[in-house]
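Notes follow the structure.
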Amino acid sequence: MRACASVPRFRAGLERAVERRQEAERRGRRVIPRNWMSVVLMTLLAGVASPAQAEWAAYTSTNFTVHSDAPESDVLELLGDFEEYRRVALAVMGLTDEAENQALRIVFPTRADDFRALGARDNIAGFFYHAEFGPRIVIRGAASRRGVRADDAAISDRRTLYHEYVHYLMDQKSGRNYPPWYSEGLATVLMMVDPAESIIKVGLPLPNVYWRNVATTVEEIVDTDYRGGIGDFYLMSWLLTHYLTIDAADKPERRQQFADYLRRYDAGEDPVEAFTASFGHSMSDMQRAMEDYRGRRSLKVLQVPRSEYRGDVSKRALQPGEELYLLGDIAVELYASEAALELFDEFDEEFADSPLRSKVLSRRAVAFAHEDDLEAGDAVVGDILAQNVDDGDIYADLAHYYHDRFQIQARQEEVPPADARANLEQSIRYGELAVARNARDLEALFYLGRAYGFNGDHEAAARTLLRAFEQAPGVADINLALARALYQMGNVGDATLLIARNLSASHSEASRQRYTDLLQQMKDGEVGPEFLDPYPRVSAAAE
C-alpha cells in the first residue's frame, strides 16, 4: 500500500464512517464498530585524531537541518555533498524529487561522550529512527572513534549519513514496507559512492576482505527470523542487493522478478515463499548464484552525472546549553530516560537561568513518566505550570505526560477510575493548545488522537491521527492507533489495511504473530478487548 495514494482513501473512508455513525445515532442505535533501529557497523566504514571542536550551531539547507559542533567549513561542505547525494539517491531509487513533508533533523556531535550520552554503543557509527516525533538521523563524528585516521573521517561521516538517509527514504518516501535484508543491503550499497569531477560512481564494492567469505546464506537472511551474526547479515544483504540492483541495471527480467518479490513481501506473504515464487529458483540455486557473484574479479558500478548544490545555507548558533536539551530530547524519544535525566541535570547545573529551562522541564516530566515515576513527574509539571509559559512544544509535552499518566493510573487498582480518566481531559486540553500553535506537531497529534480515543471520541481520534499519518506513514504506533479508531467507527477495511502494513514492516516473530492474530480477528469479527478497550476498568466506570 503506497502511503501517498492511500491518504485520499483513508479520508474518504473516514468520511463514510462518520456518516454511518451519525445516521445510526439519529436512529437511536449504536454502531459497533510497532522500533527497529538500524545501525551501521563501524568495521564497514573507512578505517585517532582529536577533531577541532566548534560551538554548536544549526545549519539549514534546502532540504536538511544539521545540528553539530563540527567546524563550520566541515558542516557546509558536508551539507553541500548531502544535497547532491539526495538528488542521486532519489534518481537511483526511482523516487520523485518532492519537497519534504516533514523536517528531517540530523544531529552530528564530534565528541564521543555526546554520542554515548544517547545510550549508543561504541561500535555504532550512526542510526536512523522514526518515532512519533518525526524522523531523526544521528551520526557520530568519525574522528572521535578509535582507529579512524583523520584523512578518512570525512569519508566515513558521509557514508554513515548516506546509509541512514537511504533508510529514511525507504521509510518515508517509498510508501512500501521492505524486508530487513534489503533495507540494510540497499543502504550499504548506496552509501558507497565516489564523487569525481563530472560523475558520481554509485555502488562501489566493499573491500574484498569483508565479503569474499561470508558465512551466512541467502535463505537465512531472507527469512525474517534471522539468528546469525550481525556482520554476516550486513555483508550478505549487501552482496544480494548489489546483485539484484546494480548488476541488474541492464537485466530487465531480473529487475522484474525482484520487483515482484518486493510486491509480495509488502502484501504480507511468507518471505521465503515469496522469494522463491518470484525468482522461479530454489534457495540453493540463488545461493550458487551468489557464490559465483562474489567470485568475480570486479563488480559493476553505476555512473550518474554530477552537479553542484547552489542553494543557500543558513546558520543559527545554539543558545548556551541548547545542545544538552537537543541530546536529552533524543534520549527521551529513544526511551533512554536515565541518560536523558543525566543530560537535563547537567543543564540545570550550568544553565539554570536559561530561557530553555521550561522546555527542559517538560521533557524531564516525560522522561519521569516513561519511568512510571509520577511523584517526580507531577512535581516537575507543577513547576512548569507555575511559570505560566505559553509554548506549543511545552503543551505537546504536557499532552504526552498526561496521556502516559492516564495509562499508568488506569492500571493501578487503588486509583479511582474517575481520577485516571481526568488525565485524558488534561491531555486533550494541552494537545489542542499545542496543535493550535503548530498544526503539524507530530507529538501533539499522536497523543491528542490517542487521548480522544481512550476518552471514547473515536471520530475525533481518527481525524487527528489521520493528520499524523499523512506526515509519518511509516510509524507503527500511529498506524495502530488510527486503525483502532477506524475500527471502532465501523471502518474495518481501512483498519485492516493499516494492520497489514504494520505486519509487513515487522521484523520480530512476536510482532508478526501479534499482527497476524489481529488481522484474523478482524476478518472473523471477533477483535479482542486488548485492542478495542485496553483499559476496561476505566471505561466501565464511565458508562
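Per this note's numbering: the sequence shown ends with 1143, consecutive numbering throughout. Think of the CB as a built atom: it goes at the ideal place given N, C-alpha and C, for glycine as much as any other residue.
If only uninterrupted alpha helix (DSSP H) runs of at least 4 residues are considered, those enclosed by the segment 788–838 are 808–811, 818–822.
Closest in C-alpha terms to Q1071, from the list R759, D847, P735, comes P735.
Along the segment 932–986, the alpha helix (DSSP H) occurs as fully enclosed runs of 4 or more residues at 937–950, 957–970, listed in sequence order. Judged by pairs of C-beta atoms under 8 Å, the segment 996–1016 touches the segment 1025–1042, as three or more such pairs exist. Look at the segment 654–698 and you find these whole runs of alpha helix (DSSP H), each 4 residues long or longer: 672–693. With a threshold of 16 other beta carbon atoms within 10 Å, D1004 meets it and is buried. A Cβ-Cβ distance of about 11 Å is found for the pair G992 and R1040, leaving them out of contact under the 8 Å criterion. The beta carbon of Y995 lies closer than 6 Å to those of Y1030, L1033, A1034 in the same chain, with the five residues before and after it left out. Nearest C-alpha to L899 among L1118, P807, R711, L679: P807. If you draw a 10 Å sphere on the C-beta of T1064, you find 16 or more other C-beta atoms in it, and that means buried. Put simply, of L1024, R863, E677 the residue whose alpha carbon is nearest the alpha carbon of D757 is E677. DSSP, read as helix, strand or coil, puts G726 in strand. In the three-state reduction of the DSSP assignment, L902 falls in the strand class, which pools E and B. By the beta-carbon neighbour count (other beta carbons within 10 angstroms, threshold 16), A986 is exposed.
Among the bridge pairs identified by DSSP, R736 is matched with R705, Y729.
Rounded to whole angstroms, the gap between the alpha carbons of F879 and V822 is 13 Å. Secondary-structure assignment with DSSP links S914 through a beta bridge to T660. Apart from sequence neighbours up to five positions away, the residues of its chain that approach G1053 with a beta-carbon distance below 7 Å are A1061, A1081, R1084, A1085, ordered along the chain. The segment 1002–1042 contains, as complete alpha helix (DSSP H) runs of 4+ residues, the segments 1017–1037 (chain order).
Within the same chain, Cβ atoms closer than 6 Å to the Cβ of A940 are found at G928, A931, V932, A967, the five residues on either side in sequence being excluded. Nearest neighbour of V814 by Cα position, chosen from T660, Y729, G831, A712, turns out to be G831.
Apart from sequence neighbours up to five positions away, the residues of its chain that approach G977 with a beta-carbon distance below 6 Å are A965, F968, A969, ordered along the chain. Here A877 is near R864, since their CB atoms are less than 8 Å apart. Within the same chain, and ignoring the five residues on either side of E946 in sequence, the residues whose Cβ sits closer than 7 Å to its Cβ are L924.
In summary, S882 is exposed, with fewer than 16 beta-carbon neighbours lying within 10 Å of its beta-carbon over all protein chains present.
In this structure, DSSP gives G1053 a helical state, which the three-state scheme calls helix. The beta carbon of S837 sits closer than 6 Å to those of W781, E784, G785, I821, all from its chain and outside the five residues before and after it, given in chain order. DSSP places L862 in the uninterrupted alpha helix (DSSP H) bounded by 852–866. Cα atoms of R1112 and L926: separation of roughly 34 Å, rounded to the nearest angstrom.
In the structure shown, D990 adopts coil according to DSSP, grouped into three states. Relative to N1023, the option among Q1012, G694, A1051 whose CA is nearest is A1051. Between V707 and V675, the gap from beta carbon to beta carbon reaches 8 Å or more.
Straight-line measurement puts the Cα of S668 at about 46 Å from the Cα of N1091. Between G895 and H842, the gap from beta carbon to beta carbon reaches 8 Å or more. Taking 8 Å as the cut-off, the beta carbon of I846 is found closer than this to the beta carbon of L902.
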